[in-house]
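Novice: Mind the numbering: the sequence shown is residues -19 to -1, 1 to 566 in mature numbering (1 follows the signal peptide of the UniProt record, and there is no 0), read in order.
Where a beta carbon is used, it is the ideal one built from N, C-alpha and C, also for glycine.
Computed from a prediction, not measured in an experiment: that's the story for all the values here.
Sharing a structure here in structure tokens format.
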Amino acid sequence: MTLIFYLLNFLLIFRFASGFRCDRKPYGSNTQPSEPDGRFKLEIVGIDNAYIPEQLYTVQITETDGESHFTSFMISAEGDIKPDPRNPRRLISMYPGELRPQSTTTAKYSDRCLYSVEQAMASYKTSVSVYWQAPSSGNGCVTLRAMVAINDEVWYEDGVPLTQKVCEDLSQPDDVAPQLNLECGICDEAKYELSFTGIWSRNTHPYLYPENDWLPRYSDLVGASHNADYTLWMPGNLASEGFRDLAEHANSSVLEAEIRDKIGDGVRTLIKGKGHGYRKMFLPTYSFFRADKENHMFSAVVAFTPSPDWFLGVTRFELCQEDNTWLKERELNLFPWDAGTDSGVSYESANIVTYPQDSISRVAMSSYDKNSPFYEVDMKDMHPFGKFHIKLIRTYHRDCEKETTEEPPATEAPNTSEEEPAETSEEAKPEPPEPSRYQTQLDSAEDGRESPLVTEAEVVTVAPENCPMSKWQDWSACDGECEDGKVVGIRWRERYHLVDGIPVEKYDPHAKHHPRKEVSKYCKAHVVTFEKEACEDECTNSEEEDDLTVERRIMAPVLPGGKWHSKRRDLKMKNNIYTNTYSHN
């Protein structure tokens, strides 16, 4: 009886598989396929036996002897077969991804077979290439099969040279969170340093990189250490209002407020680090945070602009290891994510609101769209856009039998760059000053309230002889909002390092060639190149106008650390239509 059951099951699977594989016989042929003789082969360019989910690949049929030709072909994709969860006696096929013609002159979608492409016209050819978009994660293995016809009477299909089976590459990018440890049993608390270093540049990502070197910048680093019940962001979830503001405009203020509201309710520490822009894009930014037995994860994000709504980051990253020890150190390469709020395809795409809002997902790699900076890009070959470096600074002994309530929750609200008094009094080796943009100082006269203090490297206003500098530029106009006829805000000015008498890193739109000069690290670290001060001025007429006139698609200079605005994103909407007026000189 058992033998009969297995036999029937085998026949059912065979019937299903045979039914799925449609008739790929060449049009007009009445013969059966010949055994493949090795003159033609099917291959997936760039991989052997494992595919990256949602990656775009090129699949090609080529001759192998240098002289053979074929007239017709068909390439088909078949997914794994599995029992239907709703009816185990019924078998279903998993999604095998999408085959797509590279050129409409050589290939078209098949009218006969699902997930297949075939010749657009019967003509002699020695090779043909099509696209294959791999399926999303969880779809198992995919089999690609080819039919090749020399003429109506001689044709081949399947066999080793004309069949490729590839399975999902289960290795994950660095910025995918490791397995969660929901049973963390560490009693001691931990202090971590998190640094972000930008990598995105014209050299590493040249395709469609913004033409103006002063446009690209990174937002502030924002995040939290938290417990398993809190989620700052997650693939498949919708972005919050604060997250949208960060991803689209590099403005972190609303997101920070959202995190602060959760301190004591899932969040332990707000993570905050200074964002960098032109001339400082590749300088690291630092932040410090605490983790404990309950709050043993962290999430962090950095937006980069210009972009539609793209960002870098990690979510729910586990610090408590399986052996119940704190992670000591890790470096993570970061690749772009899409917040799902803007449908632009390139760095400088116009604002296109995604409606309804889409969920957070990986930016579409190896895109079909030539306007995308990721057009036909293999993620395995792509440089990261930045990296996180996580380092355990020290631990604090805690007794598991006693709940620690010594520290008021308020001390965790700003970025915790400096030790709280209760913990610095413990017997421990003194720590060196932490290179954080934000340091928390406690004043007993202020009842333990914290105020962030900007602490830059020790710099000098008067340049030493071995660090020649240009003269200070003129002060900028007063930058701020116009209220009651007055602008109250900030103005700034800059100067530049001189190398061989040439101002380095000064953008000149009229220069045909921008000199590449190196400034010593000492001069970069010890000489002030930027000054700002409070200002007050009369509003100009243009600041009081209600209508916005867009003259050119060029963003005005922005004060580092200030809010970023884009005229293309601030267009006024009338009757649900974005309106803009172009003026011509």
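(1) Helix, strand or coil for Leu227? Go by DSSP, reduced to three states.
(2) With a 10 Å radius around its C-beta and 16 neighbouring C-beta atoms as the bar for buried, classify Ile333 as buried or exposed.
(3) Since Ser234 is in the alpha helix (DSSP H), which residue starts that stretch and which ends it?
(4) If you check the beta carbons only, do His50 and Tyr137 fall under 8 Å apart?
(5) With burial defined as no fewer than 16 other Cβ atoms inside 10 Å of the residue's Cβ, what is the status of Cys3: buried or exposed?
(6) Beta-carbon within less than 7 Å of Glu310's beta-carbon, same chain only, minus the 5 sequence neighbours each way: which residues are those?
(7) Verify whether the separation of the beta carbon atoms of Glu35 and Gln114 is less than 8 Å.
(8) In three-state DSSP terms, what is His207?
(9) Using 8 Å for Cβ pairs, my map puts Ala101 next to Thr124. What's the rounded Cβ distance?
(10) Are there any heavy atoms of the ligand NAP lying less than 7 Å away from the beta-carbon of Lys372, as far as the coordinates show?
(11) Which two residues bound the contiguous beta strand (DSSP E) that contains Asp4?
(12) Please classify Glu312 as buried or exposed, where buried requires at least 16 other C-beta atoms within 10 Å of its C-beta.
(13) Which residues mark the beginning and the end of the beta strand (DSSP E) in which Ile56 is found?
(14) When the distance is taken between beta carbons, is Leu300 closer than 8 Å to Phe269?
(15) For Ser182, does the three-state DSSP call read helix, strand or coil?
(16) Taking contact to mean at least 3 C-beta pairs separated by less than 8 Å, is the segment 76 to 91 in contact with the segment 166 to 183?
(17) Alpha carbon to alpha carbon, how far is Cys448 from Gly466? Give it in angstroms, no decimals.
(18) Would you mind stating whether Leu251 and Glu237 have Cβ atoms separated by less than 8 Å?
(19) Tell me the rounded alpha-carbon separation between Ile42 and Val109.
(20) Among Phe177, Cys148 and Arg474, whose alpha-carbon lies nearest the alpha-carbon of Gln454?
(21) Would you mind sorting Gly9 into buried or exposed? The rule is 16 or more other CB atoms within 10 Å of its CB.
(22) How many angstroms separate the CA atom of Thr442 from the CA atom of Gly482?
(23) What number of angstroms, rounded off, separates the C-alpha of Tyr477 from the C-alpha of Phe511?
(24) What does DSSP give as the partner residue(s) for Leu300 in the beta ladder?
(25) I need the DSSP call for His370, collapsed to helix, strand or coil.
(26) So what's Trp456 in DSSP terms, helix, strand or just coil?
(27) Write down the C-beta distance between Ser74 and Ile62 rounded to the nearest angstrom, noting that I regard them as a contact closer than 8 Å.
(28) Would you call the segment 254 to 261 and the segment 290 to 297 touching, i.e. three or more CB-CB distances under 8 Å?
(29) Report the rounded CA-to-CA distance for Ala331 versus Leu161, giving the unit in angstroms.
(30) The beta strand (DSSP E) with Cys516 in it runs from where to where?
(31) Are the beta-carbon atoms of Tyr328 and Pro287 separated by less than 8 Å?
(32) Taking the runs of the beta strand (DSSP E) that are 3 residues or longer, which of them lie wholly in the segment 82 to 144?
(33) Considering Cα atoms alone, identify which of Glu192, Arg472, Ala320 and Lys261 is closest to Ala284.
(34) To the nearest angstrom, report how far apart Leu479 and Thr107 are at their CA atoms.
(35) When the Cα atoms are used, what is the spatial distance from Glu59 to Arg93?
(36) How would you label Glu431, buried or exposed, when you count the other beta carbons within 10 angstroms and need 16 or more for buried?
Specialist: Result, derived from the coordinates:
(1) Here residue 227 refers to the residue found at position 246 when the sequence shown is read from its first residue. Reduced to three states, the DSSP call for Leu227 is helix.
(2) In the sequence shown, counting from the first residue as 1, residue 333 sits at position 352. With fewer than 16 other Cβ atoms within 10 Å, it is exposed.
(3) Counted from its first residue, the sequence shown places residue 234 at position 253. Segment Ser234 to Arg241, the alpha helix (DSSP H) holding Ser234.
(4) In the sequence shown, the residue the question calls residue 50 occupies position 69. In the sequence shown, the residue the question calls residue 137 occupies position 156. Judged by beta-carbon spacing, Tyr137 lies beyond the 8 Å limit of His50, meaning their Cβ atoms are not closer than that value.
(5) As a first step, residue 3 must be located in the sequence shown, where it is residue number 22. It is exposed - the Cβ of Cys3 has fewer than 16 other Cβ atoms within 10 Å.
(6) Start at 1 with the first residue of the sequence shown, and residue 310 comes out as number 329. Closer than 7 Å at Cβ, skipping near neighbours: Ile371, Lys372 and Leu373.
(7) Within the sequence shown, the letter at position 54 stands for residue 35. Within the sequence shown, the letter at position 133 stands for residue 114. Glu35 is a Cβ neighbour of Gln114, given a cutoff of 8 Å.
(8) Position 226 of the sequence shown holds residue 207. DSSP, reduced to helix, strand and coil, places His207 within a strand of the structure shown.
(9) Looking up residue 101 in the sequence shown gives position 120. Looking up residue 124 in the sequence shown gives position 143. That belief does not hold up - the Cβ atoms of Ala101 and Thr124 are roughly 24 Å apart, past 8 Å.
(10) For the structure depicted, the ligand NAP is absent and the ligand set is empty, with no information on it obtainable.
(11) What you label residue 4 is simply residue 23 of the sequence shown in a count that begins at 1. Counting along the chain, no beta strand (DSSP E) covers Asp4, and no H or E run does either.
(12) The sequence position of residue 312 within the sequence shown is 331, counting from 1. Of the other Cβ atoms in all chains shown, fewer than 16 fall within 10 Å of the Cβ of Glu312; this residue is therefore exposed.
(13) Here residue 56 is taken as the residue at index 75 of the sequence shown, counted from 1. Under the DSSP assignment, Ile56 falls in the beta strand (DSSP E) whose first and last residues are Ser53 to Gly60.
(14) Residue 269 sits at position 288 when you count from the first residue of the sequence shown. Residue 300 sits at position 319 when you count from the first residue of the sequence shown. In this structure, Phe269 sits away from Leu300, with a CB-CB distance that is not shorter than 8 Å.
(15) On the sequence shown, residue 182 is found 201 positions in, with the first residue counted as 1. Look at Ser182 here: in three-state DSSP terms it is coil, with no helix or strand label.
(16) The segment 76 to 91 is not in contact with the segment 166 to 183.
(17) Translated into positions along the sequence shown, residue 466 becomes position 485. Translated into positions along the sequence shown, residue 448 becomes position 467. Gly466 and Cys448 have their alpha carbons spaced roughly 43 Å apart.
(18) In the sequence shown, counting from the first residue as 1, residue 251 sits at position 270. In the sequence shown, counting from the first residue as 1, residue 237 sits at position 256. Less than 8 Å divides the Cβ of Leu251 from the Cβ of Glu237.
(19) The count along the sequence shown starts at 1 and reaches residue 42 at position 61. The count along the sequence shown starts at 1 and reaches residue 109 at position 128. Cα-Cα distance, rounded: 5 Å.
(20) Mapped onto the sequence shown, residue 454 falls at position 473. Ranked by how close their Cα comes to the Cα of Gln454, the residues Phe177, Cys148 and Arg474 have Arg474 in first place.
(21) Taking the first residue of the sequence shown as position 1, residue 9 is located at position 28. It counts as exposed.
(22) Along the sequence shown, one-based indexing puts residue 442 at 461. Along the sequence shown, one-based indexing puts residue 482 at 501. Legend: pLDDT at Thr442 = 47, less than 50; position of this residue unreliable, value from coordinates given subsequently. When rounded, the distance between both Cα atoms is 20 Å.
(23) The count along the sequence shown starts at 1 and reaches residue 477 at position 496. The count along the sequence shown starts at 1 and reaches residue 511 at position 530. Roughly 9 Å separates the two Cα atoms.
(24) The residue given as residue 300 occupies position 319 in the sequence shown. Beta-bridge pairing links Leu300 to no other residue.
(25) Against the sequence shown, residue 370 aligns to sequence position 389. In the structure shown, His370 sits in a strand (DSSP, three-state: E or B).
(26) Here residue 456 refers to the residue found at position 475 of the sequence shown. Secondary structure of Trp456 (DSSP, three-state): coil.
(27) Walking along the sequence shown from the start, residue 74 turns up at place 93. Walking along the sequence shown from the start, residue 62 turns up at place 81. Between Ile62 and Ser74 the Cβ distance is about 6 Å, and since that is below 8 Å, they are a contact.
(28) No: fewer than three Cβ pairs fall under 8 Å.
(29) Taking the first residue of the sequence shown as 1, we reach residue 331 at position 350. Taking the first residue of the sequence shown as 1, we reach residue 161 at position 180. Straight-line measurement puts the Cα of Leu161 at about 39 Å from the Cα of Ala331.
(30) Position 535 of the sequence shown, counting from 1, holds the residue named residue 516. Judged by DSSP secondary structure, Cys516 falls within the beta strand (DSSP E) whose first and last residues are Phe511 to Glu519.
(31) Here the question's residue 328 lines up with position 347 in the sequence shown. Here the question's residue 287 lines up with position 306 in the sequence shown. Closer than 8 Å, so yes.
(32) 88 to 90, 97 to 100, 108 to 114, 123 to 130 and 136 to 138, all fully within the segment 82 to 144.
(33) Locating residue 284 in the sequence shown gives position 303, where the first residue counts as 1. Considering only alpha carbons, the answer is Ala320.
(34) Taking the first residue of the sequence shown as 1, we reach residue 479 at position 498. Taking the first residue of the sequence shown as 1, we reach residue 107 at position 126. Cα to Cα, the separation comes out at about 59 Å.
(35) Locating residue 59 in the sequence shown gives position 78, where the first residue counts as 1. Locating residue 93 in the sequence shown gives position 112, where the first residue counts as 1. Each residue's Cα considered, the two are about 14 Å apart.
(36) Walking along the sequence shown from the start, residue 431 turns up at place 450. Low confidence applies here, because Glu431 scores a pLDDT of 32, under 50, leaving its location unreliable; read the following figure in that light. Looking at its Cβ environment, which holds 16 or more other Cβ atoms inside 10 Å, Glu431 is buried.
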